[in-house]
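In what follows, a structure is listed as structure tokens, so that the remarks can point back to it.
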Amino acid sequence: MEAVTGPPLLLATQAISTLERCKTMPELRQVHAQIIKTNLVSHTFTVSKLISFCCFSGVSGGLNYAVSVFRRVQNPNPFIYFMLIKSLSESSNPLDSITLYAHMLTRLEDWKRVEFSLPSVIKACGRLNGLEEGKQIHGQILKTQFVFDPFVANAMIRMYFEVGEVDLARRMFDKMPERDVISWNSMITGYLRVGEIELARRLFDMMPDKDLVSYNAMIDGYGKSGKCELAEEIFGVTIRKDVKTWTSMISAYVLNYQPRKALDMFREMLSVGVNPDGPALVSVISAIADLGFVEEGKWIHKYVSSSGIEMNSGFIGSALIDMYAKCGHIENAYQVFRTISQNRNIGDWNSMISGLAIHGLGDESLEIFRDMEKMGIDPDEITFLGLLKACSHGGLVDDGKFCFKLMQEKYSIVPQVQHYGCIIDLLSRAGHLEDALRILWNMPIEPDVLAWKAILSASVKHGNVKIGEAAAFRAIELAPEDSSCYVLLSNIYAKMGRWDDVAKVRLMMKQKRVGKVPGCSSILVKGKVHVFLAGKAMDEKCTDEVLFKIEGIVSRLKLEGYKPDLTQVLLDVEEEGKECLLSLHSEKMALAFGLINIKNDALIHIVKNLRVCCDCHSFIKLVSKVYNRQIVVRDQNRFHHFENGFCSCKDSW
DNA sequence: GTAGGGTTAG
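Residue 557 in numbering that gives the first Met the number 0 sits at position 558 of the first sequence, with consecutive numbering throughout.
Spelled out as structure tokens, the structure:
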């Protein structure tokens with residue numbers, strides 16, 4: 000074939016401009032072929048551009064291609080080395096970066112020209128957890144470098160933090176002849192990551208010229224360590240906030256269970272004209288998921304579609320799937336899952352699996368898992384948590400046992416305490432209390448409250464006082480502040496009519512100052528959220544009407560055989576008083592309100608903060624039959640779809 | 001060339 004000829008400069012310019020428009024590997028190969036044909040391979044500048052594009056354009060497979068191009072370069076200059084070292088240091092094989100650096104040292108002697116690559120090699124040491132390699136490079140720098148370089152020192156600080164050598168990082172920082180804003184910020188973020196919040200704050204207060212990164216890092220660090228008020232304080236004094244400032248504050252609220260504030264913050268961000276990007280949307284979507292505000296969620300979904308943010312890049316897909324599932328719209332979750340069928344990441348699969356789990360759709364969840372395996376995607380520990388939960392909520396005992404085995408034997412995932420909690424929950428819920436106890440006694444780590452609570456709830460359900468009592472005492476020991484353990488214990492006693500013991504539990508709670516978390520249910524009517532606390536409506540005006548309605552429902556249900564389950568009431572009061580307290584459970588109030596205000600064919604959708612109690616559960620089942628309504632309740636654990644007297648949880652939750 | 005924000009579980 001005739002070689003294309005022409006003035007090299009012109010050819011090079013053309014080749015480079017075609018190169019920079021490449022989106023895929025085949026296109027890249029074509030340009031490379033052109034470069035070879037026109038003999039531009041000997042044109043160092045063009046080859047540099049080619050390698051640089053392969054390394055940094057994000058075209059998948061680019062880095063490997065860059066390495067293969069590099070191998071054919073006769074005398075790579077320091078810049079070409081640098082690009083590869085940097086790119087490799089950020090790849091999944093940071094060790095290659097160090098190897099290439101060592102190779103470069105044997106080829107190039109002028110230290111001044113190779114030190115450009117040092118920050119990247121140091122970063123690679125950190126990512127590898129390679130303290131020894133890091134120290135070696137540190138030693139070499141001390142021997143060879145005569146002029147202090149802040150870039151190198153700053154990279155070193157980060158590396159030491161990453162390998163867990165907090166003191167070495169600090170020594171580095173203290174010894175630096177001069178520190179720039181990045182040195183300070185690196186120390187602050189390093190301290191925050193290892194949980195040294197106060198040390199981070201001290202440096203933050205001391206540092207001379209804080210920039211936005213310093214403020215954002217503090218907000219983020221406070222949010223992640225549960226100190227929301229302090230995050231708010233810093234947020235309040237941050238001027239010229241950018242989208243990361245807002246995202247840090249929004250996610251601080253999400254992490255600290257204040258989704259309402261997170262959503263308000265997001266709205267405020269929009270109102271001051273800051274455009275949300277991927278991460279900002281992801282964090283607000285998770286707030287919306289917690290709130291169950293599907294309308295807001297749909298709005299964000301549309302926003303994502305119209306904003307050009309890729310659905311299958313980052314966590315947007317997983318967040319949307321999770322949100323739809325938690326809002327009860329499992330079909331929409333499926334739909335998002337299907338739209339991102341190309342390039343699904345592990346989070347997308349996990350969100351779908353867990354989403355199906357909370358709807359009690361165990362078989363569907365297992366089916367997704369099988370698809371995942373077929374496509375050669377390795378599940379992680381979260382996948383199995385979702386699967387175990389799905390089996391647990393779907394009553395699939397054998398499948399659950401199989402998954403628990405599979406994760407260990409096929410995928411070598413060591414079960415964590417949550418996995419044990421799930422399998423114990425699964426077994427005990429299904430009435431296999433002895434199997435559950437066997438696992439609990441033999442587990443290699445200390446069982447947590449959740450494991451004991453699983454045993455406890457099952458004992459309440461199956462009326463096993465002895466085991467229940469023991470589990471309750473252990474659970475209370477582990478989490479004395481958790482009121483639900485006391486409540487369950489008292490439920491066991493109440494069931495047996497042991498009112499003296501019920502009173503003892505009450506006294507214990509009083510002594511330990513444990514407050515019972517009030518039940519709280521909300522319902523969306525005509526675009527407005529109405530909240531009911533056990534015993535009263537937050538909007539006083541509707542209380543009377545609701546109480547009247549509940550009375551009506553109760554008497555109608557009694558004709559159908561409804562008997563209030565008085566053992567669900569913790570207090571030792573007269574039977575009549577108990578019945579009254581029982582009818583004031585927040586989900587009953589929300590339901591009554593829904594029956595009054597939501598037209599006949601529409602779904603009634605209630606969100607509750609705690610688990611639905613037994614009495615409310617049978618109450619709602621009957622309502623769905625007698626009033627011929629479809630009712631969906633999302634409680635702390637899962638969804639209940641009530642229809643025609645039945646619940647999707649098959650009475651096991 | 002060095003520093004900052006995001007999901008699924010809990």
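Ideal Cβ placement from N, Cα and C applies to all residues, glycine included.
- From the DSSP output, in three-state form, read off Leu-523 for me. Counted from its first residue, the first sequence places residue 523 at position 524. The answer is strand: DSSP assigns Leu-523 an E or B state.
- May I ask you to list the residues that DSSP assigns as paired with Phe-645? Numbered from 1 along the first sequence, position 646 holds the residue referred to as residue 645. According to DSSP, Phe-645 bridges with Glu-642.
- Supposed close pair Val-632, Glu-559 - CB separation, criterion 8 Å: The residue given as residue 632 occupies position 633 in the first sequence. The residue given as residue 559 occupies position 560 in the first sequence. With a Cβ gap of about 20 Å, Val-632 and Glu-559 do not count as contacting.
- Query: Do the region 601-616 and the region 348-360 touch if we need at least three Cβ pairs shorter than 8 Å?
  - Reply: no
- Can you give the beta carbon distance from Met-264 to Pro-275, rounded, assuming they're within the 8 Å contact cut? Numbered from its first residue, the first sequence carries residue 264 at position 265. Numbered from its first residue, the first sequence carries residue 275 at position 276. Between Pro-275 and Met-264 the Cβ distance is about 11 Å, and since that is not below 8 Å, they are no contact.
- Message: For Phe-531 and Arg-555, what's the separation of their Cα atoms in angstroms?
- Response: In the first sequence, residue 531 corresponds to position 532, counting from 1. In the first sequence, residue 555 corresponds to position 556, counting from 1. Distance between the alpha carbons of Phe-531 and Arg-555: 23 Å.
- DSSP beta-bridge partners of Leu-532: On the first sequence, position 533 is the one that residue 532 refers to. For Leu-532, which the question treats as bridged, DSSP gives the partners Cys-519, Lys-535.
- Message: Starting from His-300, trace the beta strand (DSSP E) in both directions and tell me its first and last residue.
- Response: Indexing the first sequence from 1 puts residue 300 at position 301. Segment 293-306 is the alpha helix (DSSP H) holding His-300; no beta strand (DSSP E) there.
- Message: Whether or not the region 172-187 and the region 129-144 are in contact is what I'm after, with contact meaning three or more pairs of Cβ atoms, one per stretch, closer than 8 Å; do they touch?
- Response: no
- Inter-residue Cα distance where the pair is Ile-320 and Ser-350: Locating residue 320 in the first sequence gives position 321, where the first residue counts as 1. Locating residue 350 in the first sequence gives position 351, where the first residue counts as 1. About 6 Å.
- Item | Contact set for Val-72: own chain, Cβ-Cβ below 7 Å, skip 5 residues either direction | As a working mapping, residue 72 is identified with position 73 in the first sequence. Once the five neighbours on either side are set aside, the close Cβ partners of Val-72 are Val-46, Ile-79.
- Reduced DSSP category for Glu-19 - H, G, I as helix; E, B as strand; rest coil: Start at 1 with the first residue of the first sequence, and residue 19 comes out as number 20. Coil at Glu-19, not helix or strand.
- Query: Among Val-58, Phe-472, Lys-557, Glu-89, which one has its Cα closest to the Cα of Pro-25?
  - Reply: On the first sequence, position 26 is the one that residue 25 refers to. Cα-wise, what sits closest to Pro-25 is Val-58.
- Task: Identify whether Lys-548 lies in helix, strand or coil by the three-state DSSP scheme.
- Result: Stepping through the first sequence from its first residue, residue 548 is reached at position 549. Lys-548 falls in the helix class under three-state DSSP.
- Message: Just to confirm my understanding: we take Tyr-214, look at its own chain, exclude 5 residues before and 5 after, and list those with CB closer than 7 Å. What are they?
- Response: Numbered from 1 along the first sequence, position 215 holds the residue referred to as residue 214. Closer than 7 Å at the Cβ level, and outside the excluded window around Tyr-214, lie Ile-233, Thr-237, Thr-244.
- Item | Limits of the unbroken alpha helix (DSSP H) element including Arg-70 | Looking up residue 70 in the first sequence gives position 71. Note, Arg-70: alpha helix (DSSP H), 61-70.
- Task: Report the option in Ile-218, Trp-348, Asp-600, Cys-648 whose CA atom is closest to the CA atom of Val-611.
- Result: The count along the first sequence starts at 1 and reaches residue 611 at position 612. It is Cys-648.
- Inter-residue spacing [alpha-carbon to alpha-carbon] between Ile-284 and Gly-361: On the first sequence, position 285 is the one that residue 284 refers to. On the first sequence, position 362 is the one that residue 361 refers to. Approximately 25 Å, taken between the alpha carbons.
- Item | C-alpha distance - His-42 paired with Thr-17, whole-angstrom precision | Locating residue 42 in the first sequence gives position 43, counting from the first residue. Locating residue 17 in the first sequence gives position 18, counting from the first residue. Going from the Cα of His-42 to the Cα of Thr-17 covers about 16 Å.
- CB-CB length for Phe-592 against Ile-491, believed under 8 Å: Stepping through the first sequence from its first residue, residue 592 is reached at position 593. Stepping through the first sequence from its first residue, residue 491 is reached at position 492. In fact, because the Cβ distance is near 32 Å, the residues do not count as touching under 8 Å.
- Message: Assuming the contact rule is C-beta atoms closer than 8 Å, Ser-96 and Val-68 should be a hit. Round their C-beta distance to whole Å, please.
- Response: As a working note, residue 96 is residue 97 in the first sequence. As a working note, residue 68 is residue 69 in the first sequence. At roughly 17 Å, the Cβ-Cβ gap does not stay under 8 Å, so Ser-96 and Val-68 are not in contact.
- Message: At the level of alpha carbons, what is the spacing between Ser-305 and Phe-81?
- Response: Numbered from its first residue, the first sequence carries residue 305 at position 306. Numbered from its first residue, the first sequence carries residue 81 at position 82. Straight-line Cα distance between these residues: approximately 39 Å.
- Item | Span of the beta strand (DSSP E), counted from its first residue to its last, around Ile-630 | Counting from 1 along the first sequence, the entry for residue 630 is found at position 631. Element bounds for Ile-630: 630-633.
- For the region 437-444 and the region 458-465, state whether three or more C-beta atom pairs, one from each stretch, are separated by less than 8 Å. no
- CB Asn-255 to CB Ala-216, shorter than 8 Å? Here residue 255 refers to the residue found at position 256 of the first sequence. Here residue 216 refers to the residue found at position 217 of the first sequence. No.
- Cα-Cα separation between Pro-207 and His-300, rounded to whole angstroms: As a first step, residue 207 is located in the first sequence; it is residue number 208 there, counting from the start. As a first step, residue 300 is located in the first sequence; it is residue number 301 there, counting from the start. The straight-line gap from Cα to Cα measures roughly 42 Å.
- How far does the beta strand (DSSP E) with Val-653 in it reach, from first residue to last? Only positions 0 to 652 of the chain appear in the structure, and residue 653 is not among them; the question remains open.
- Could you pull out every residue in the same chain whose Cβ sits closer than 7 Å to the Cβ of Ile-552, ignoring the five residues on either side in sequence? The sequence position of residue 552 within the first sequence is 553, counting from 1. Ala-591, Val-622, listed in sequence order.
- Taking just the CA atoms, how far does Gly-313 sit from Phe-368? Within the first sequence, numbered from 1, the residue matching residue 368 stands at position 369. Within the first sequence, numbered from 1, the residue matching residue 313 stands at position 314. Roughly 21 Å separates the two Cα atoms.
- Item | Cα-Cα separation, Gly-235 to Phe-203 | For this step, residue 235 is matched to residue 236 along the first sequence. For this step, residue 203 is matched to residue 204 along the first sequence. When rounded, the distance between both Cα atoms is 15 Å.
- Ser-282 classed as buried or exposed, judged by whether at least 16 other C-beta atoms fall within 10 angstroms: Position 283 of the first sequence holds residue 282. Under this definition Ser-282 is a buried residue.
- Query: Quick one: Cα of Arg-126 to Cα of Val-146, how far?
  - Reply: The sequence position of residue 126 within the first sequence is 127, counting from 1. The sequence position of residue 146 within the first sequence is 147, counting from 1. Taking the straight line from one Cα to the other gives about 26 Å.
- Item | Minimum C-alpha distance to Leu-10 - residue among Glu-19, Asn-153, Ile-34 | Your numbering for residue 10 matches position 11 in the first sequence. Leu-10 has its Cα closest to that of Ile-34, out of Glu-19, Asn-153, Ile-34.
- Item | Sub-8 Å separation of Phe-638 and Ile-630 beta-carbons | The count along the first sequence starts at 1 and reaches residue 638 at position 639. The count along the first sequence starts at 1 and reaches residue 630 at position 631. No, these two residues do not count as a Cβ contact at 8 Å.
- Return the Cβ separation of Leu-99 and Leu-83 in integer angstroms, given the expectation that the two are a contact with Cβ distance under 8 Å. As a working mapping, residue 99 is identified with position 100 in the first sequence. As a working mapping, residue 83 is identified with position 84 in the first sequence. Leu-99 to Leu-83, Cβ: 6 Å. Contact.
- Starting from Gly-222, trace the alpha helix (DSSP H) both ways and give me its first and last residue. Here residue 222 corresponds to residue number 223 of the first sequence, with the count starting at 1. Where Gly-222 is concerned, the enclosing alpha helix (DSSP H) stretches over 211-223.
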